[in-house]
Amino acid sequence: MFDWLKVLLFPVENPTVTHSIVALMLAIGTGVFIGRLKLGKITFGVSAVMFTGLFLGHLGYRIEGGILDFVRDFGLILFVYGIGLQVGPSFFSSFRNEGLKFNILAVSSVLFGGVIAIILFKLTGLKIEDLVGIMSGSVTNTPGLGAAKNTIEEIKNSFPDRMFNDPAIGYAITYPLGVFGIIGTIIVTKLLLKIKPEEEMKKFRKAKIAMELPLVHQKMRVTNPELVGKTLHQTLKTFGRDIVVSRLKHSGSVAVKSPTLDTELQDRDVLMLVGQEKDVNDFTALVGRPSTDLFIESESDIRRKNIFVTNAKVIHKNLSELDLFNTYDLKVTRVFRAGREILPRPSLELFYGDKIRVIGSEEAIKEVEKLIGNSEKKLLEPDFLSLFGGLFLGVILGSIPIAIPSLPVPIKLGFAAGPLIVALLISRYGGISFIHSYINTGAIYFMKDFGICLFFAAVGIHAGDGFYDNFVQYNGWMWLLYGSAITFIPLIAMVIVGRFFMKINFLQLAGIMSGSYTDPAALSFSTNFLDSDIPIQSYAQVYPLVTIFRIFVASLLILIFS
């Protein structure tokens with residue numbers, strides 16, 4: 000009676016489309032469930048899909064060849080594109096602070112791992128594709144594996160008689176080592192270095208305050224007789240730094256207005272300032288003193304509101320082009336973009352999804368809402384034209400052949416680096432034509448996790464086919480030993496250099512270690528183990544460049560030594 004169900008759910012030798020879908024859903028569903036289980040403070044998250052895929056492949060589950068290639072590549076594209084959109088803004092801005100130092104350390108560990116792989120290639124006699132698979136698994140780098148497989152396919156297309164081993168075998172054998180290796184290194188170094196997370200947090204906050212001040216608002220009263228009678232423009236020019244005066248109230252009056260640049264300052268005027276804390280304090284000291292006046296915060300005459308940029312007509316226009324103050328008697332005091340607060344300079348270009356804070360009359364705000372858009376519903380709806388336009392550009396960029404002398408075939412960025420670079424550039428510049436960088440946070444997380452689940456399931460099921468036999472055939476214990484060298488030697492060097500020479504905060508160093516090995520499981524562990532979200536910030540700062548370098552290293556090793 001239930002023979003049809005048995006045929007549907009149990010492994011078959013020649014899978015149909017339906018059987019392939021069932022195998023994928025089983026791997027993803029059981030993997031996500033297992034990934035939520037806690038082993039102490041460790042959770043594997045979606046990386047557990049890789050292990051369930053291996054197990055199902057070992058039991059005999061299969062995916063039809065064409066479907067396997069499509070699911071693996073499409074999942075990888077979705078994953079790296081989502082990563083690029085998510086970390087792009089903070090990635091570029093971080094280079095103005097400590098991001099350059101972090102990325103030098105992280106990229107050096109990538110190159111060091113590549114050198115170790117070359118040494119093992121010379122000493123062990125293993126084929127380079129096996130070592131690239133071992134290297135990718137040892138550092139839990141999925142895009143590197145994808146790049147290696149794409150490069151092998153390109154070589155096969157040019158040289159059909161060439162035979163290659165599947166790097167996914169080495170990847171599958173050493174992947175657990177990579178996950179536990181980073182986690183173990185974080186635990187051991189914390190104990191050996193006698194790290195106290197509370198003290199590291201205090202040091203981090205002090206360094207952050209000294210390096211990057213957030214925007215603040217502060218009230219002040221004009222008391223400097225030398226500036227009384229001067230216009231606001233003259234006063235700001237004398238000060239010489241970026242400050243926004245959002246409100247002004249004359250002494251003895253309760254009327255609050257948004258001042259123009261030609262407004263003359265009067266004795267005991269109260270001003271509301273917006274800017275970085277040091278600039279605000281210095282301006283206050285120059286012009287007068289702090290004020291406790293409450294009337295300037297009144298909403299009786301002017302209103303404050305956040306407006307979302309959703310109208311295509313204002314996207315990529317500067318604030319000076321919109322000229323909201325002269326046109327609508329309305330002042331922009333802050334712009335919020337990708338979790339950052341930006342001071343609204345006249346040259347600031349608006350991106351789709353930006354949130355601008357304005358001050359003015361209720362009537363003016365309503366008019367500006369019509370101009371700017373302010374459609375939260377529109378932001379919640381996925382813009383598939385923009386999304387798939389970006390993915391399309393990423394695939395094109397990844398498919399461009401780059402001829403390098405002495406290499407057998409042109410190198411390509413592939414489905415890993417191409418979409419990642421496009422996403423980074425789109426997020427940096429706000430978009431290209433109708434393609435924009437804004438996708439709401441929930442959609443980005445869904446795209447990333449869905450993509451990596453598809454990739455892990457496809458790779459795991461494929462590698463699980465004969466996994467035990469391959470482990471025995473290829474002497475898996477020796478491969479784990481080789482993988483240990485690639486896992487631990489760069490990690491130990493990173494801790495020594497980062498902690499003792501670069502003087503990097505350990506909370507940030509834990510994020511760099513996880514980001515250098517592109518390991519979300521290690522990142523999740525470090526945030527719980529250290530009881531801090533700081534590792535997430537440094538993880539995001541190094542992830543994009545590390546991913547690009549791991550992709551290039553994997554591809555170049557195949558091309559040079561195959």
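Okay, so the sequence shown: first residue is 0 according to numbering that gives the first Met the number 0, each after it adds one. All residues carry an ideal CB built from backbone N, CA and C; glycine is no exception.
Compare the C-alpha of residue i against each of the options and name the closest.
i	options	result
L323	A363, I194, W478 and L396	A363
F43	V178, T230 and L260	V178
G482	A26, Y170 and Q265	Y170
M134	P489, D328 and F455	P489
I557	I358, D129, W3 and I185	D129
V471	I341, E340 and I168	I168
F307	S515, V286, T283 and F335	F335
G292	F466, N474, K218 and N504	Checking the sequence, you will find Asp at residue 292 rather than Gly. Closest by alpha carbon: K218.
T309	A456, N469 and I438	I438
G124	W478, G417 and S515	W478
V16	F69, M49 and F54	F69
L272	L231, S107 and D261	L231
I20	P289, V45, R71 and H57	R71
E233	L214, L264 and A254	In the sequence as displayed, the identity of residue 233 is Gln instead of Glu. The shortest Cα separation from Q233 among L214, L264 and A254 belongs to L264.
I503	E97, D382 and L522	E97
G514	F499, I495, F500 and R549	R549
S537	M512, I154 and S554	M512
L226	D266, Q540, L191 and V215	D266
K189	K202, V494, G430 and S252	V494
G465	L58, F9 and E380	L58
I395	G413, L379, L384 and T262	G413
G52	T29, K37, L38 and R35	T29
Please confirm whether residue i and residue j have their CB atoms less than 8 Å apart.
i	j	result
V421	G393	yes
G510	I535	yes
I434	G388	yes
L270	K256	no
L119	A484	yes
S436	G65	no
T332	S245	yes
N140	T517	yes
L562	V243	This structure gives no information on residue 562, because the portion of the chain shown stretches from 0 to 561.
A456	I27	yes
V313	I371	yes
V131	P166	yes
T526	S137	no
P400	K411	yes
L144	I460	no
L23	I62	yes
D241	G274	yes
P409	A415	no
M109	V545	The residue you asked about is not Met; residue 109 is Val in the sequence shown. Cβ atoms of V109 and V545: closer than 8 Å.
A521	I186	no
S398	T150	no
F91	R427	yes
V215	E276	yes
Looking only at its chain, what residues have a beta carbon closer than 8 Å to the beta carbon of residue i, apart from the 5 residues adjacent to it on each side?
i	result
E361	R302
K447	L77, F78, G81, I82 and Q85
M200	L506, S531 and I533
K316	E348 and L349
F560	I117, F120 and I127
D268	R220, V221, L247, K248, H249 and S250
T283	Q217, M219, L272 and P289
P543	I82, G83, V86, G87, F90, L419 and L423
Quickly, what does DSSP pair residue i with across the bridge? List them, please.
i	result
P224	P224 pairs with nothing; no bridge assigned.
T230	E263
I431	I434
I410	I401
I358	R303 and K330
Q217	L272
G372	V308
R246	M271
K256	L247
Given residue i, which residues of its chain have a CB within under 7 Å of its CB, disregarding the five upstream and five downstream residues?
i	result
S319	P345 and S346
D281	none
L529	P196, L506 and A509
K304	V357 and I364
G112	M134, V138, I485 and P489
Counting only the same chain and skipping the five closest in sequence on each side, list residues whose C-beta sits under 6 Å from that of residue i.
i	result
G450	G74, L77 and F78
H18	V11
S374	T309
Is there a C-beta anywhere in chain C that falls below 8 Å from the one on residue i?
i	result
I434	Absent here is chain C; the protein component of the structure consists of one chain.
Checklist entry - Which full runs of the beta strand (DSSP E) of 3+ residues lie inside the segment 265-347, going along the chain? => result 269-275, 287-289, 302-307, 330-336 and 339-341
Checklist entry - Hey, which unbroken runs of the alpha helix (DSSP H) at 4 residues or more fall wholly within the segment 55-130? => result 64-93 and 98-123
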